[in-house]
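Engineer: Read in UniProt numbering, the sequence shown has 122 at position 122, and its numbers run on one by one without any break. This is the structure I have questions about; it appears just below.
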Amino acid sequence: MITNISLLTLYVTDQDEAKKFYCDVMGFVEGTDVSMGEGFRWVTVKHPEQPELEVTLMVPGPPLDEEMATAVRRALAKGSMGGFGLTTDDCRAEYERLTKLGVEFTQEPAERPYGVEAVMRDNSGNWLVLVEPRAFSPADFG
């Protein structure tokens, strides 16, 4: 029986810089950082309040074939790679804090039927959604 999601992959342009961004700016902590031979490095970060879920910071390359790795690098450069969503208890305050730290936002906090949402980019170009959730129903989208 599957009990939870424990790992997800986020493609980044530079593992060291991505680890600094997620740990120093976003408040994550280092999970694993090991070299596994032939230039392959396994780097993970995790949120201290959700340590069972690790985010692998992976540069585009093996096990991707070169065509796919090139496509991922292109998407990162364009800023069109999706990342993941982050929950906050105060979207506007977190937006202010992160903006002062130099985080690029593509959407300022805005009211949505499901809460307050802002959209940002990490330092590799992945977009991240920051949401202060509230209860909603499908009728709220009508």
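The beta carbon of each residue, even a glycine, is placed where N, CA and C say it ideally should be.
#1: Taking only three categories from DSSP, how would you classify D89?
#2: Would you be able to state if there are at least three C-beta pairs under 8 angstroms between the segment 1 to 19 and the segment 48 to 61?
#3: Measure how close the beta-carbons of T88 and E132 come, nearest whole angstrom, since I'm counting them as under 8 angstroms.
#4: Are the CB atoms of L8 and F84 within a distance shorter than 8 angstroms?
#5: Going by Cα to Cα distance, which pick from Y95, P51, V72 and R121 is closest to F28?
#6: Below 8 angstroms on the Cβ atoms is my contact criterion, and I expect P113 with C91 to pass it. Report the Cβ-Cβ distance as a whole number of Å.
#7: Looking at the structure shown, is V103 part of a helix, part of a strand, or coil, going by DSSP?
#8: Which residue from L86, L101 and L128 puts its Cα closest to that of E49?
#9: If you compare alpha carbons, which of K78, S124 and L53 is closest to D14?
#10: Assuming the contact rule is C-beta atoms closer than 8 angstroms, L64 and V55 should be a hit. Round their C-beta distance to whole Å, please.
#11: Going by beta-carbon coordinates alone, are L130 and Y95 separated by less than 8 angstroms?
#12: Alpha carbon to alpha carbon, how far is C23 from E111?
Structural biologist: Let's see:
#1: Walking along the sequence shown from the start, residue 89 turns up at place 89. Of the three classes helix, strand and coil, the one that applies to D89 here is coil, per DSSP.
#2: yes
#3: Within the sequence shown, the letter at position 88 stands for residue 88. Within the sequence shown, the letter at position 132 stands for residue 132. T88 to E132, Cβ: 5 angstroms. Contact.
#4: In the sequence shown, residue 84 corresponds to position 84, counting from 1. In the sequence shown, residue 8 corresponds to position 8, counting from 1. Yes; because the gap between Cβ atoms is below 8 angstroms, this pair is in contact.
#5: By one-based count along the sequence shown, residue 28 stands at place 28. If we check each option's Cα against that of F28, P51 comes out closest.
#6: Here residue 113 is taken as the residue at index 113 of the sequence shown, counted from 1. Here residue 91 is taken as the residue at index 91 of the sequence shown, counted from 1. Contact flag wrong, Cβ pair sits at about 14 angstroms.
#7: Taking the sequence shown and counting its residues from 1, one reaches residue 103 at position 103. V103: coil per DSSP, three-state reduction.
#8: Along the sequence shown, read from residue 1 onward, the residue named residue 49 stands at position 49. Comparing Cα-Cα distances from E49 to each of L86, L101 and L128, the minimum goes to L86.
#9: For the purposes of this step, residue 14 is taken as the residue at position 14 of the sequence shown. If we check each option's Cα against that of D14, S124 comes out closest.
#10: The residue given as residue 64 occupies position 64 in the sequence shown. The residue given as residue 55 occupies position 55 in the sequence shown. In fact, because the Cβ distance is near 17 angstroms, the residues do not count as touching under 8 angstroms.
#11: Locating residue 130 in the sequence shown gives position 130, where the first residue counts as 1. Locating residue 95 in the sequence shown gives position 95, where the first residue counts as 1. Yes; because the gap between Cβ atoms is below 8 angstroms, this pair is in contact.
#12: On the sequence shown, position 23 is the one that residue 23 refers to. On the sequence shown, position 111 is the one that residue 111 refers to. Going by the C-alpha atoms only, they are around 28 angstroms apart.
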